[in-house]
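Q: Protein chains in written order, with this note's numbering: chain A, 1 to 472; chain B, 1001 to 1121.
Every residue, glycine too, gets a C-beta built ideally from N, C-alpha and C.
In this text, all values refer to a predicted model and were calculated from it rather than measured experimentally.
#1: Among 220/A, 38/A, 115/A and 429/A, which residue has its Cα nearest to the Cα of residue 400/A?
#2: Hey, would you say residue 1096/B sits closer than 9 Å to residue 1008/B, going by beta carbons?
#3: Taking the CB atoms as reference points, tell me whether residue 453/A and residue 403/A lie closer together than 9 Å.
#4: By a C-beta neighbour count over all protein chains shown, 10 Å radius and 16 as the cutoff for buried, is residue 363/A buried or exposed?
#5: Which of the three DSSP states, helix, strand or coil, is assigned to residue 331/A?
#6: If you draw a straight line from the C-alpha of residue 52/A to the C-alpha of residue 1015/B, how long is it?
#7: Out of 244/A, 223/A and 28/A, point me to the one whose CA is closest to residue 256/A's CA.
#8: In this structure, what does DSSP give as the bridge partners for residue 251/A?
#9: If we call anything under 9 Å between Cβ atoms a contact, is residue 291/A one with residue 199/A?
#10: Thinking C-beta only, is residue 438/A closer than 9 Å to residue 122/A?
#11: Taking Cβ positions only, does residue 94/A come closer than 9 Å to chain B?
#12: Residue 476/A: buried (16+ other C-beta within 10 angstroms of its C-beta) or exposed?
#13: When the Cβ atoms of the stretch 225-236 of chain A are set against those of the stretch 268-280 of chain A, are three or more pairs found closer than 8 Å?
#14: Return the chain-ordered list of same chain residues with a C-beta closer than 7 Å to the C-beta of residue 129/A, the five sequence neighbours on each side being excluded.
#15: What residue range does the beta strand (DSSP E) around residue 1028/B cover?
#16: Thinking just about the alpha-carbon of each residue, which of 60/A, 70/A and 100/A is nearest to the one in residue 163/A?
#17: Among 330/A, 277/A, 172/A and 80/A, which residue has its Cα nearest to the Cα of residue 372/A?
#18: Is residue 380/A near residue 435/A, with beta carbons less than 9 Å apart?
#19: For residue 497/A, which three-state DSSP category applies?
#20: Beta-carbon within less than 6 Å of residue 87/A's beta-carbon, same chain only, minus the 5 sequence neighbours each way: which residues are those?
#21: Does residue 371/A come out as helix, strand or coil in the three-state DSSP assignment?
#22: Using Cβ-Cβ distances below 7 Å, what residues of the stretch 61-91 of chain A are close to chain B?
#23: Would you mind giving the Cβ-Cβ distance between residue 62/A and residue 167/A, rounded to the nearest angstrom? I have them listed as a contact below 8 Å.
#24: Could you spell out where the beta strand (DSSP E) holding residue 453/A opens and where it closes?
#25: Terminal residues of the continuous alpha helix (DSSP H) containing residue 39/A?
#26: Which word fits residue 360/A, buried or exposed, when buried means at least 16 other C-beta atoms lie within 10 angstroms of its C-beta?
#27: Keeping to the same chain, check which residues put their C-beta closer than 8 Å to that of residue 180/A; ignore five residues upstream and five downstream.
#28: Comparing alpha-carbon positions, which option in 66/A, 72/A and 89/A lies nearest residue 169/A?
#29: Below 7 Å on C-beta distance, what does residue 337/A contact in chain B?
#30: Considering only DSSP beta bridges, list what residue 1053/B is partnered with.
#31: Taking the DSSP output, what are the residues bridged to residue 173/A?
#32: Compare the C-beta of residue 51/A with all C-beta atoms of chain B and state if any pair is closer than 9 Å.
#33: Do residue 318/A and residue 368/A have their beta-carbon atoms positioned less than 9 Å apart in this structure?
#34: Given a cut-off of 9 Å, decide if residue 84/A and residue 148/A are closer than it, judged by their beta-carbon atoms.
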């Protein structure tokens, strides 16, 4: 093996000398540090320990997390809208991980699309709750003790029960030392490991220090989002929002996606777009379509808010020798299903480590293909959201979309527009899959018909019989 | 408290033998029984509880349901779509590992019961 020069300047590059072994497999007693016990870190630990057990490999996994997820407000929160997508709920159930009732704040079974020309509810054909609204921490700031539990806390417990050692320490630095990785903690202690897994997200100080250390490492591109919590009470939520996630398609520049997610006594509002600022928020909160979703048509003061940054372009490459970045720290999906991407990258990294090794070569061959696949899909996603922005700006297009969706919801026929919107809102399907479905001749034909029908003089944007809401 | 899946009442049939199927189910809460029906009689094959799954054969083939599943008391069950499952194992074949493991245990159990039946016949 070629001697390591240290540092992160060679992240992802070919590190082996000709004729040397391409992999660095783990062995009994190997030590692995996982930095961050969010979904990516905890799921990596859980899956790695399961896989190691299946091949009779005895490894030590240390899971570093300074926060206690049982705390309410920012101290225990991971700053996220808190939706576990339909596809992830199913995959976790298949894995034998059934989300407990006290972790699920509300089971969602529909999406309601709000536009200036009307609204339409898109229900799942099975009428079954398969989307989970959760809290990453233990609820908003100053909330009363709840009979519920944190999603991140649940996954952390799962990893811990499987054998991961939880270390309540803040990691301040990671560096390469000869043939191991060294991590420094805030209390002045340090430890050496055979592998470091970075799962600290993009909002931590460590993410910034890794960026400074990495000469040829391209850090993820970020954008600012806005998340806030409204206390509405269970009954008001049941009466106004129901078991539905409310999505807004409004003509507001730079706003890509806005959703109101009902959870227990609270509702979480999530605004995603190109650097959310006060001007954008003012326009959003003054929209009558937003006020209509709240009891009495009045938007109350929010009780908790944050401006987390999200990853909109992966770090490149998200691995190095004895180092791998997973979840938001590495690669995630554009705007949607971040927890699903955390699951996918965590499991791909765990498979690589358990069955191949921890060298840059191992990660390039067995982990990087998934990241590239997500990246490629995100490029299609960017185009799809671009088309969505055009629809947001064009009233005639909004009328066509509303009419086509409402017609489909009233009939038992194919749900082409409903399916596209469902997968786009929920993040349940790849953006490429969503895009390809919009090229289907039947989809295009139906869209053209509905665009014409909804925009003829004197015609409503909704079909004759309406399941809910009124014509506009 | 909030829940995922769909609620079934005591005695409600979730899956009927002979019907076409294109999904698997995972029990979230409660118990169900798997029943084989033949010549107007039914026989309980097994009882299943939380986190157990059934209907998995529909994910791998196109044959009709091999047995019926009935709720034993109130039960909550989540559907796993065939399309979603197959897309998942394309990316991550290990997703099928737990199912294969349980199917293998069930074959072992049925082989044992068949041998016992043949010996005692």
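A: Here's the rundown:
#1: 115/A
#2: no
#3: yes
#4: buried
#5: coil
#6: 37 Å
#7: 223/A
#8: Residue 251/A pairs with nothing; no bridge assigned.
#9: no
#10: no
#11: yes
#12: No information on residue 476/A is available, as it lies outside the stretch 1 to 472 that chain A covers here.
#13: yes
#14: 107, 108, 109 and 243
#15: 1023-1038
#16: 60/A
#17: 330/A
#18: yes
#19: There is simply no residue 497/A to check, as chain A begins at 1 and stops at 472 in what is shown.
#20: 428
#21: helix
#22: 87, 89, 90 and 91
#23: 5 Å
#24: Run containing residue 453/A: none in the beta strand (DSSP E); it sits in the alpha helix (DSSP H), 441-455.
#25: 39-54
#26: buried
#27: 192, 193, 194 and 322
#28: 66/A
#29: The premise fails here: residue 337/A is roughly 13 Å from chain B at the closest Cβ pair, so nothing lies under 7 Å.
#30: 1026/B
#31: 184/A
#32: yes
#33: yes
#34: no
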